[in-house]
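Per this note's numbering: the sequence shown = residues 7 to 505. Using N, Cα and C, we set each Cβ at its ideal position, and we do this for glycine too.
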Amino acid sequence: MTTTHDASVTLEKASRGATAAKKVPITVAYGDGIGPEIMDATLRIIQAAGAALEIERIEIGEPIYEKGLDSGIEPSSWDTLRRTKVFLKAPITTPQGGGFKSLNVTVRKTLGMYANVRPCASLYPFVATKHPNMDLVIVRENEEDVYGGIEHRQTNQVTQCLKLISRPGSERIVRYAFEYARANKRKKVTCFTKDNIMKITDGLFHRIFDEIAKEYPDLEHEHWIVDIGAAKMADTPEAFDVIVMPNLYGDVLSDVAAQITGSVGLAGSANIGDNCSMFEAIHGSAPRRAGQNLANPSGLLQGAIMMLVHIGQGKVAELVHNAWLTTIEEGIHTYDIFKEGVSKQKVGTKEFADAVIARVGQKPKVLKPIEYQAESHMDLSIRPDGKPPVKQRVGVDIFIDKRDGNPDDIAGKLLPLGGDGVKLTVIANRGTKVWPNGNPDTFCSDQWSCRFEKTGGNFSAAQMGDLIKACEGAGFDVIKTEGLFTFDGERGYSLAQGQ
Ligand code: NAD
Numbered sequence: 007m008t009t010t011h012d013a014s015v016t017l018e019k020a021s022r023g024a025t026a027a028k029k030v031p032i033t034v035a036y037g038d039g040i041g042p043e044i045m046d047a048t049l050r051i052i053q054a055a056g057a058a059l060e061i062e063r064i065e066i067g068e069p070i071y072e073k074g075l076d077s078g079i080e081p082s083s084w085d086t087l088r089r090t091k092v093f094l095k096a097p098i099t100t101p102q103g104g105g106f107k108s109l110n111v112t113v114r115k116t117l118g119m120y121a122n123v124r125p126c127a128s129l130y131p132f133v134a135t136k137h138p139n140m141d142l143v144i145v146r147e148n149e150e151d152v153y154g155g156i157e158h159r160q161t162n163q164v165t166q167c168l169k170l171i172s173r174p175g176s177e178r179i180v181r182y183a184f185e186y187a188r189a190n191k192r193k194k195v196t197c198f199t200k201d202n203i204m205k206i207t208d209g210l211f212h213r214i215f216d217e218i219a220k221e222y223p224d225l226e227h228e229h230w231i232v233d234i235g236a237a238k239m240a241d242t243p244e245a246f247d248v249i250v251m252p253n254l255y256g257d258v259l260s261d262v263a264a265q266i267t268g269s270v271g272l273a274g275s276a277n278i279g280d281n282c283s284m285f286e287a288i289h290g291s292a293p294r295r296a297g298q299n300l301a302n303p304s305g306l307l308q309g310a311i312m313m314l315v316h317i318g319q320g321k322v323a324e325l326v327h328n329a330w331l332t333t334i335e336e337g338i339h340t341y342d343i344f345k346e347g348v349s350k351q352k353v354g355t356k357e358f359a360d361a362v363i364a365r366v367g368q369k370p371k372v373l374k375p376i377e378y379q380a381e382s383h384m385d386l387s388i389r390p391d392g393k394p395p396v397k398q399r400v401g402v403d404i405f406i407d408k409r410d411g412n413p414d415d416i417a418g419k420l421l422p423l424g425g426d427g428v429k430l431t432v433i434a435n436r437g438t439k440v441w442p443n444g445n446p447d448t449f450c451s452d453q454w455s456c457r458f459e460k461t462g463g464n465f466s467a468a469q470m471g472d473l474i475k476a477c478e479g480a481g482f483d484v485i486k487t488e489g490l491f492t493f494d495g496e497r498g499y500s501l502a503q504g505q
């Protein structure tokens with residue numbers, strides 16, 4: 007068994023190593039609520055293990071909101087973040103009431119952090135869970151999908167939110183997932199989408215996953231439809247290793263995955279961009295626990311471990327991670343995971359940090375020790391685009407607002423507006439075909455999508471403009487148009503349900 011003396015020798019060595027290593031500048035925000043306590047504990051642990059850091063501190067959250075800045079961050083802090091490129095962030099309190107922007111979303115989007123990485127591993131038998139062998143990582147696309155927040159109220163009855171999935175956005179996140187899996191000696195990458203329904207958007211994500219998977223023959227790959235995949239993950243998480251998914255599914259399922267390890271309080275997350283990255287705990291600022299030396303610093307420590315790997319201090323990350331696992335398996339627990347019969351000693355934030363520091367250099371005996379590469383090698387370079395396909399406009403969907411409309415009456419007024427090869431081909435209501443040959447049982451809202459297509463393609467922008475004017479001339483309230491395109495002859499738009 008390693009003694010405390012052995013640990014301090016290792017610590018001394020590690021610290022000497024750190025002195026020799028070049029210090030890496032990072033930005034640190036202590037946050038609100040329990041933030042300052044858990045940040046203090048986290049920094050003490052990683053520095054004791056030899057992290058070579060040059061810390062620049064910024065203020066975010068409550069004090070900045072109170073100054074009247076709705077973004078929760080001062081303009082000068084952006085310069086610090088852009089300069090250091092690495093952000094270790096404690097949780098902040100989001101003020102109640104409207105007007106305030108989510109600081110997390112602002113930072114992620116402003117600094118282009120496209121990948122959200124959340125490892126979820128159980129610590130059984132030291133933390134109770136139904137899934138003792140769970141050890142998976144969720145890689146969530148962080149910028150696209152419905153998170154553009156592009157929403158419109160189009161009619162009295164109908165609202166819309168646009169889901170955007172791009173080729174470069176999907177390529178970057180899928181490649182990140184495969185590179186992460188390879189760098190972390192994982193065996194399999196799974197993709198979750200709903201491409202049986204969203205054949206164009208989720209279909210693109212899935213197709214890119216299949217394309218990129220071919221470059222990684224050393225890794226298994228598979229695709230699940232997200233609903234049954236989520237059910238399987240909640241029931242048998244040990245069947246998965248790395249799971250990559252678009253933003254919304256990833257947002258929901260990364261919380262589910264963290265929760266079923268036994269405690270959301272133990273998970274950390276990384277937000278990775280080409281230039282800047284942010285590391286944090288997944289929990290909030292727990293204001294009721296603040297200032298009492300009660301909070302568990304483990305979630306933020308997990309974020310800090312990912313940061314160390316990211317900045318090429320993988321061996322320090324390994325020392326910290328193994329010391330933390332050793333502390334957990336020796337039953338030294340904060341109140342949130344303390345359990346009579348399993349835990350040995352209930353400690354506060356500071357004492358927990360001291361216990362981890364005392365175990366730097368030790369490896370866990372029951373839990374699996376962690377190994378990290380000294381430096382992380384991930385090839386995330388963007389591959390050149392192929393030759394762009396030939397794009398041709400072949401028609402237009404014209405959306406109109408008509409309360410208590412009747413599909414046959416609407417078609418009767420729109421049919422004469424075609425000409426020169428352009429004709430009305432289908433009318434849909436909320437995506438379901440209602441003309442021609444609609445079903446009287448289909449419920450119709452006040453938003454109608456009227457599709458005009460040109461035989462042989464080449465539907466010009468001028469023809470589209472004339473058609474919109476003609477629709478308005480026929481008494482219709484045009485609320486939006488959507489061009490219909492083919493790409494190298496392949497249809498780039500969905501058919502209405504039942505078409
Ligand atoms: P929370 O995660 O702060 O707390 C939920 C529960 O978990 C509480 O009972 C708390 O006591 C406990 N808990 C959380 N972290 C803990 C820790 N490290 N140790 C021990 N117990 C812990 O969620 P909430 O109460 O819904 O949110 C509080 C504030 O945090 C809100 O203002 C919210 O907007 C904000 N928040 C911030 C972030 C972030 O900055 N990344 C994330 C989530 C929530």
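Checking 7 Å against the spacing of the C-beta atoms, do residue i and residue j come in under that value?
i: residue 6; j: residue 225; result: Residue 6 lies beyond the residue range present for the chain, which begins at 7 and ends at 505; the question has no answer from this structure.
i: residue 36; j: residue 96; result: yes
i: residue 41; j: residue 291; result: yes
i: residue 276; j: residue 285; result: yes
i: residue 99; j: residue 68; result: yes
i: residue 384; j: residue 267; result: no
i: residue 55; j: residue 300; result: no
i: residue 162; j: residue 146; result: no
i: residue 483; j: residue 407; result: yes
i: residue 227; j: residue 212; result: no
i: residue 362; j: residue 310; result: no
i: residue 106; j: residue 33; result: no
i: residue 355; j: residue 43; result: yes
i: residue 456; j: residue 420; result: yes
i: residue 337; j: residue 380; result: no
i: residue 417; j: residue 454; result: no
Assign residue i to one of three DSSP states: helix, strand, or coil.
i: residue 21; result: Only weak support exists for where residue 21 lies, its pLDDT of 43 falling under 50; the value from the coordinates is given anyway. Looking at residue 21 - three-state DSSP - the assignment turns out to be helix.
i: residue 482; result: coil
i: residue 230; result: strand
i: residue 125; result: strand
i: residue 490; result: strand
i: residue 10; result: Interpretation of residue 10 is limited by its pLDDT of 35, a score under 50 that renders its predicted location unreliable; the figure taken from the coordinates is listed afterwards. Three-state DSSP puts residue 10 in a helix.
i: residue 16; result: In this prediction, residue 16 scores a pLDDT of 40, lower than 50, which makes its location untrustworthy; the coordinate-derived value is nonetheless stated afterwards. Helix at residue 16.
i: residue 287; result: strand
i: residue 149; result: coil
i: residue 304; result: helix
i: residue 137; result: coil
Going by C-alpha distance, which of the options is nearest residue i?
i: residue 360; options: 46, 260, 454 and 305; result: 46
i: residue 507; options: 489, 504 and 485; result: Beyond the ends of the chain as shown, which are 7 and 505, falls residue 507; an answer cannot be given.
i: residue 219; options: 166, 181 and 397; result: 181
i: residue 200; options: 171, 222 and 217; result: 171
i: residue 185; options: 386, 457 and 205; result: 386
i: residue 198; options: 238, 188 and 175; result: 238
i: residue 190; options: 479, 125, 137 and 400; result: 125
i: residue 29; options: 317, 418 and 132; result: 317
i: residue 64; options: 89, 379 and 356; result: 89
i: residue 331; options: 86, 71, 174 and 130; result: 130
Would you mind reading off the limits of the beta strand (DSSP E) that contains residue i?
i: residue 274; result: 274-279
i: residue 419; result: Careful: residue 419 lies outside any beta strand (DSSP E), inside the alpha helix (DSSP H) at 413-420.
i: residue 183; result: Residue 183 -> not in any beta strand (DSSP E); alpha helix (DSSP H) instead, spanning 173-189.
i: residue 90; result: Looking at the DSSP string, residue 90 is not in any beta strand (DSSP E); the run it does join, the alpha helix (DSSP H), is 81-90.
i: residue 31; result: 30-35
i: residue 62; result: 59-64
Under DSSP, the alpha helix (DSSP H) around residue i begins and ends at which residues?
i: residue 435; result: Careful: residue 435 lies outside any alpha helix (DSSP H), inside the beta strand (DSSP E) at 428-435.
i: residue 212; result: 207-219
i: residue 320; result: 320-335
i: residue 51; result: 41-54
i: residue 70; result: 68-72
Next item on the list: At 3 residues or longer, and completely inside the segment 92-118: list those beta strand (DSSP E) runs for me, N to C.
Entry: Within the segment 92-118, the complete beta strand (DSSP E) runs of at least 3 residues are 92-95.
Check: Can you give, in chain order, each stretch of the beta strand (DSSP E) that sits fully within the segment 234-265 and has at least 3 residues?
Finding: If we require 3 residues or more, the beta strand (DSSP E) runs fully inside the segment 234-265 come out as 248-251.
Next item on the list: Could I get the ranges of all uninterrupted alpha helix (DSSP H) runs contained in the segment 352-393, with 4 residues as the minimum, in chain order?
Entry: You should have 355-364.
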